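In the working numbering, the protein residues as written are 1459 to 2129.
C-beta atoms are modelled at their ideal positions from N, C-alpha and C, and glycine is treated no differently.
It should be emphasised that the depicted structure is a prediction, and the values quoted were computed from it without experimental measurement.
Here the structure comes first, spelled out in structure tokens, and everything after it is commentary.
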């Protein structure tokens, strides 16, 4: 370390002794000595050495004028519950002095450093505390016996210091060179009374018989024990003494004469049964913590990491690329390195009433759920925070997916409810319509049956029509023949009437000639006078007859003309009738053909109607099935509606759980 003095770059004591490298070397050697000191080691029994060293490096750095990096509690707060006595402080100071000297620090710098540390005694020492540990008791008894007149035997020496021994708050035995116990102080006698039963049960020795008795009554291997006690170099000697479920921790010192001869022994001891049980319990708990899959950090009041379990170490190694230091360097580091502005975290963690505290933090691309709890010592004093945490990146993503799924589920359930309502309504309508359709199908079936019967009757009628049409065609053909014959006859009648007309004209001419002859005869008769009167009468009658004949022939002529006109009309009418009858004959033929085709069609219709009737029956049956299915669908829709309602409730409950979880997380963060 003296070489480092040549490289000092400023006037601070920190720089003069060699800076950080030198301070770390001093702290390491200092703790080597302190932790090997039985009087001081118990104070550090449950402490993590690396964390202690890091905190001490920061303290010494700042105390010696280096960078201000110590942010822990004050010395008074850090030691107020540790029952540090002035003697303890002096022993620690001695170790520091010896450490500096062993590392080659010159006396001037040692004095300067010790002068810097000396004022801390008032903050660290608790003047009102009783010295209750075996270590402190050992110091007291050592001092007392060191002050005796060693020219006397140990028994003689005791007479002068019994008062002092009696006032010690420690269990003290004194043995002579024959290894007989010659003194038991009051505190030891009181403690013996609490373990009298296991002593008697194990060794058969009553506590009232211990004084003035040999110590080998309690040893399994007296020779080994005696070889240790007779060797001054083996002093002081510490050992744990186990019997009957009791453990006594002993420290044996030799009382030396001026001639450096052993004249007796002091044994300071304490019952550490409860302490060891607690220590074993602590180890068991620590082993449990070591085996926990949860990441655990333990910090002191200065927020130095004094413990991290294997799970935390393994996790930090995976996250090392995101850390400001290597995972292997975390033990002893301060958690401030994880925060840009650590004031907020320090404000929370310095006050245990803020704990427990939960937060979600980011470590690089990963997210972590952090829970901080307060840790207290046996007296209920806050000694630091414990951090448990886990990587929840996938959990957060899952929460987001669950949240999205819940929203979709809620929406889907609402749509399902609406759909089920619509389906229920449709199913009701379908059921009603199916029932109506069944009735309609039954009516259709009846109508189809009626149509089928009608078609059968129509088929019979068509057959009759076909027969009648055939007969009508035949009669029409006969009528055509008759009409043609009648036409011929009437034509002959016309010819005859024409000839009669000619005869009538001849008769008319004859009548006219007769009338003319009668007129001439009348004239001649008139000339003849009376002789001709008779002739005149005949001539007159002939004339009248000729007139009558003329009139008759005229009427006959007119009638013959009328007959000829009628005959002509009859011939034309018969011709038209003949044409009509011929057309009727053709139509009847067409009707016969059509009726024949209609018969085929009707037969096909009958077959199809029969099929339709059969199909209608099947449709009616199917519609009945549809109606039943509609009823079942309606029941199913009710079930689906209930399921959708339950699904909606489930989605709402799930959403509530997610919201509650988030609210709880936020509430924990705000504590």
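(request) With a floor of 3 residues, list each beta strand (DSSP E) that falls wholly inside the stretch 1837-1861, ordered by position along the chain. (result) Those beta strand (DSSP E) runs which fall completely within the stretch 1837-1861 and span 3+ residues are 1840-1849.
(message) Please report the distance separating the alpha-carbon of residue 1918 from that of residue 2031.
(response) Here the question's residue 1918 lines up with position 460 in the chain shown. Here the question's residue 2031 lines up with position 573 in the chain shown. Distance between the alpha carbons of residue 1918 and residue 2031: 37 Å.
(request) Write down every uninterrupted run of the beta strand (DSSP E) in the stretch 1763-1820 whose length is 3 residues or greater and which is fully enclosed by it, in chain order. (result) 1763-1766
(request) Mark residue 1755 as exposed unless 16 or more other C-beta atoms lie within 10 angstroms of its C-beta, in which case mark it buried. (result) For the purposes of this step, residue 1755 is taken as residue 297 along the chain shown, with counting starting at 1. Looking at its Cβ environment, which holds 16 or more other Cβ atoms inside 10 Å, residue 1755 is buried.
(message) What would DSSP say about residue 1752, mapped onto helix, strand or coil?
(response) Along the chain shown, read from residue 1 onward, the residue named residue 1752 stands at position 294. Looking at residue 1752 - three-state DSSP - the assignment turns out to be coil, as it is neither helix nor strand.
(message) Suppose contacts are defined by Cβ-Cβ distances below 8 Å. Is residue 1500 in contact with residue 1696 by that definition?
(response) Indexing the chain shown from 1 puts residue 1500 at position 42. Indexing the chain shown from 1 puts residue 1696 at position 238. No, these two residues do not count as a Cβ contact at 8 Å.
(request) Below 8 Å on the Cβ atoms is my guess for residue 2005 versus residue 1977; work out the distance and round it to an integer in Å. (result) Position 547 of the chain shown, counted from the start, is the residue given in the question as residue 2005. Position 519 of the chain shown, counted from the start, is the residue given in the question as residue 1977. About 10 Å separates the two Cβ atoms, so there is no contact after all.
(message) So, at 6 Å on beta carbons, what are the nonlocal neighbours of residue 1773 in its own chain, with the 5 sequence-adjacent residues on each side left out?
(response) Locating residue 1773 in the chain shown gives position 315, counting from the first residue. Same-chain partners within the cutoff: 1753.
(request) Tell me whether residue 1657 is buried or exposed, calling it buried when 16 or more other Cβ atoms sit within 10 Å of its Cβ. (result) Here residue 1657 refers to the residue found at position 199 when the chain shown is read from its first residue. The residue is buried, with at least 16 neighbouring Cβ atoms inside 10 Å.
(request) Return yes when the Cβ of residue 1515 is within less than 8 Å of the Cβ of residue 1860, no when it is not. (result) On the chain shown, position 402 is the one that residue 1860 refers to. On the chain shown, position 57 is the one that residue 1515 refers to. No.
(request) Write down the C-beta distance between residue 1849 and residue 1824 rounded to the nearest angstrom, noting that I regard them as a contact closer than 8 Å. (result) To locate residue 1849, count along the chain shown from 1; it is residue 391. To locate residue 1824, count along the chain shown from 1; it is residue 366. That belief holds up - the Cβ atoms of residue 1849 and residue 1824 are roughly 5 Å apart, short of 8 Å.
(request) Might you give, ordered along the chain, the residues of its own chain that have their beta carbon closer than 6 Å to the beta carbon of residue 1819, omitting 5 neighbours on each side? (result) Taking the chain shown and counting its residues from 1, one reaches residue 1819 at position 361. Cβ within range, chain order: 1826 and 1828.
(request) Could you tell me the distance, in whole angstroms, from the CA atom of residue 2034 to the CA atom of residue 2068? (result) In the chain shown, counting from the first residue as 1, residue 2034 sits at position 576. In the chain shown, counting from the first residue as 1, residue 2068 sits at position 610. Cα-Cα distance, rounded: 48 Å.
(request) Confirm, please, whether the CB-CB distance from residue 1574 to residue 1522 is below 8 Å. (result) Residue numbering aside, residue 1522 sits at position 64 when the chain shown is read from its first letter. Residue numbering aside, residue 1574 sits at position 116 when the chain shown is read from its first letter. Closer than 8 Å, so yes.
(request) Please state whether DSSP places residue 1697 in a helix, a strand or coil. (result) The residue given as residue 1697 occupies position 239 in the chain shown. It is a strand residue.
(request) Enumerate in chain order the residues of its own chain whose CB-to-CB distance from residue 1945 is below 7 Å, with the five nearest sequence positions on each side excluded. (result) Taking the chain shown and counting its residues from 1, the one referred to as residue 1945 is at position 487. Counting only Cβ-Cβ distances below 7 Å, and skipping sequence neighbours, we find 2029, 2032, 2033 and 2036.
(request) Can you tell me which of 1738, 1769, 2061 and 1874 puts its alpha carbon nearest to the alpha carbon of residue 1748? (result) The residue you call residue 1748 lines up with position 290 of the chain shown. Among 1738, 1769, 2061 and 1874, the Cα nearest to that of residue 1748 belongs to 1769.
(request) Going by CA-CA distance only, name the one from 2052, 1873, 1664 and 1937 that's closest to residue 2041. (result) The residue you call residue 2041 lines up with position 583 of the chain shown. Checking every option, the nearest Cα to that of residue 2041 belongs to 1937.
(request) Starting from the Cα of residue 1488, find the closest Cα among 1559, 1525, 1535 and 1537 and give me that residue. (result) The residue you call residue 1488 lines up with position 30 of the chain shown. Of the candidates 1559, 1525, 1535 and 1537, the one whose C-alpha sits nearest the C-alpha of residue 1488 is 1559.
(request) Return the first residue and the last residue of the beta strand (DSSP E) that residue 1403 is part of. (result) Here the chain comprises residues numbered 1459 to 2129, so residue 1403 is not present and cannot be evaluated.
(request) Give the single residue among 1541, 1470, 1491 and 1548 whose Cα lies nearest to the Cα of residue 1518. (result) Here residue 1518 is taken as the residue at index 60 of the chain shown, counted from 1. Minimum Cα distance to residue 1518 is reached at 1470.
(request) Report yes or no: do three or more beta-carbon pairs, one from the stretch 1623-1632 and one from the stretch 1719-1736, lie closer than 8 Å? (result) The stretch 1623-1632, when compared against the stretch 1719-1736, does touch it at the 8 Å Cβ threshold.
(request) Going by DSSP, name the residue or residues bridged to residue 1709. (result) Within the chain shown, the letter at position 251 stands for residue 1709. Paired residue(s): 1696 and 1726.
(request) Mind reading off the beta-carbon distance from residue 2109 to residue 1868? Whole number of angstroms is fine, and I expect it under 8 Å. (result) By one-based count along the chain shown, residue 2109 stands at place 651. By one-based count along the chain shown, residue 1868 stands at place 410. Between residue 1868 and residue 2109 the Cβ distance is about 4 Å, and since that is below 8 Å, they are a contact.
(message) By alpha-carbon positions, which one of 1635, 1964 and 2022 ends up nearest to residue 1721?
(response) As a first step, residue 1721 is located in the chain shown; it is residue number 263 there, counting from the start. Out of 1635, 1964 and 2022, 1635 has the C-alpha closest to the C-alpha of residue 1721.
(request) Please confirm if the stretch 2094-2101 is in contact with the stretch 1877-1888, defined as three or more CB-CB distances below 8 Å between the two stretches. (result) yes
(request) Taking only the alpha-carbon atoms, compute the straight-line gap between residue 1474 and residue 1561 and give it to the nearest angstrom. (result) By 1-based counting over the chain shown, the position of residue 1474 is 16. By 1-based counting over the chain shown, the position of residue 1561 is 103. Looking at the two C-alpha atoms, the distance is approximately 14 Å.
(message) Distance check for residue 1534 and residue 1715, CA to CA, integer angstroms please.
(response) As a working mapping, residue 1715 is identified with position 257 in the chain shown. As a working mapping, residue 1534 is identified with position 76 in the chain shown. Straight-line Cα distance between these residues: approximately 41 Å.
(message) Please report the straight-line C-alpha distance between residue 1711 and residue 1641, rounded to a whole angstrom.
(response) One-based indexing of the chain shown puts residue 1711 at position 253. One-based indexing of the chain shown puts residue 1641 at position 183. C-alpha separation (whole angstroms): 15 Å.
(request) Would you identify the three-state DSSP class for residue 2092, choosing helix, strand or coil? (result) One-based indexing of the chain shown puts residue 2092 at position 634. Residue 2092: helix per DSSP, three-state reduction.
(message) Can you tell me whether residue 1864 is buried or exposed? The criterion is at least 16 other CB atoms within 10 Å of its CB, across all chains shown.
(response) Taking the chain shown and counting its residues from 1, one reaches residue 1864 at position 406. Buried is the call here.
(message) Considering only their Cβ atoms, is the gap separating residue 1780 from residue 1806 smaller than 8 Å?
(response) Stepping through the chain shown from its first residue, residue 1806 is reached at position 348. Stepping through the chain shown from its first residue, residue 1780 is reached at position 322. Not in contact: residue 1806 and residue 1780 (Cβ atoms no closer than 8 Å).
(request) Please report how far the alpha carbon of residue 1476 lies from the alpha carbon of residue 1566, in whole angstroms. (result) Within the chain shown, residue 1476 is the residue found at index 18, counting from 1. Within the chain shown, residue 1566 is the residue found at index 108, counting from 1. Taking the straight line joining both Cα atoms gives about 14 Å.
(message) Short of 7 Å in beta carbon distance, which residues of its chain neighbour residue 1846, apart from the five on each side in sequence? Order them along the chain.
(response) If you number the chain shown from 1, residue 1846 lands on position 388. Hits under 7 Å: 1752, 1753, 1754 and 1829.
(request) Measure the alpha-carbon distance for residue 1520 versus residue 1556 and round it to whole angstroms. (result) For this step, residue 1520 is matched to residue 62 along the chain shown. For this step, residue 1556 is matched to residue 98 along the chain shown. Rounded to whole angstroms, residue 1520 to residue 1556 spans 21 Å at the Cα level.
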